[in-house]
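*Asks:* The following block contains the structure, expressed as structure tokens.
Numbering (the numbering used here), first residue to last: 10 to 149.
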């Protein structure tokens, strides 16, 4: 009975973003995402396979399925170690559903290198801040 009584619930958790959340990508489905306050590139990053740009479209595989979206621009990603060559990643727009609302966001494609990690989408610090403001506006 204690747990079913709403008076005993933590009210703060209703409007906080977790470090990791499940979000829905339109056409792909549920994806584990990280709100990454240290990610300063132009677009959030989706880890995918077989990324290819052809005729103005970015084509990729995710979870064994093929997808495509209009190519928008490139993101150049620098590492902390200056000896590591920067990545250049294609950017597309994707509809991301978070907290029952869809948001059209810039997403860069990165070849899957998570080493078996279940986290596949990494939000930029700017987009993390956007979601935080949205949640505090809705529930704060």
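C-beta atoms are modelled at their ideal positions from N, C-alpha and C, and glycine is treated no differently.
#1: Among 54, 131 and 74, which one has its Cα closest to the Cα of residue 84?
#2: State the DSSP-derived secondary structure class of residue 43, mapped to helix, strand or coil.
#3: So what's residue 111 in DSSP terms, helix, strand or just coil?
#4: Are the beta-carbon atoms of residue 87 and residue 99 separated by less than 8 Å?
#5: Using the beta-carbon count (16 or more within 10 Å), is residue 119 buried or exposed?
#6: For residue 65, which residues in the same chain have their Cβ closer than 8 Å to its Cβ, ignoring the five residues on either side in sequence?
#7: Just the C-alpha distance for residue 38 and residue 44, rounded to the nearest angstrom, thanks.
#8: Between residue 82 and residue 69, how many whole angstroms is the CB-CB distance? I'm expecting something under 8 Å.
#9: Have a look at residue 109 and residue 93 and give me their C-alpha separation to the nearest angstrom.
#10: Please determine, among 63, 102 and 76, the residue with the shortest C-alpha to C-alpha distance to residue 117.
*Replies:* So, to answer that:
#1: Mapped onto the chain shown, residue 84 falls at position 75. That would be 54, whose Cα lies nearest to the Cα of residue 84.
#2: Reading the chain shown from its first residue, position 34 is the one you call residue 43. The answer is strand: DSSP assigns residue 43 an E or B state.
#3: Residue numbering aside, residue 111 sits at position 102 when the chain shown is read from its first letter. Three-state DSSP puts residue 111 in a strand.
#4: Translated into positions along the chain shown, residue 87 becomes position 78. Translated into positions along the chain shown, residue 99 becomes position 90. It is not a contact, given that the beta carbons lie outside the stated cut-off.
#5: The residue you call residue 119 lines up with position 110 of the chain shown. Buried, by the Cβ-count rule.
#6: Position 56 of the chain shown, counted from the start, is the residue given in the question as residue 65. Excluding positions up to five away in sequence, the list reads 79 and 80.
#7: Here the question's residue 38 lines up with position 29 in the chain shown. Here the question's residue 44 lines up with position 35 in the chain shown. Going from the Cα of residue 38 to the Cα of residue 44 covers about 18 Å.
#8: Taking the chain shown and counting its residues from 1, one reaches residue 82 at position 73. Taking the chain shown and counting its residues from 1, one reaches residue 69 at position 60. Residue 82 to residue 69, Cβ: 16 Å. No contact.
#9: Position 100 of the chain shown, counting from 1, holds the residue named residue 109. Position 84 of the chain shown, counting from 1, holds the residue named residue 93. Computed Cα separation, rounded: 39 Å.
#10: For the purposes of this step, residue 117 is taken as the residue at position 108 of the chain shown. For residue 117, the nearest C-alpha among the options comes from 102.
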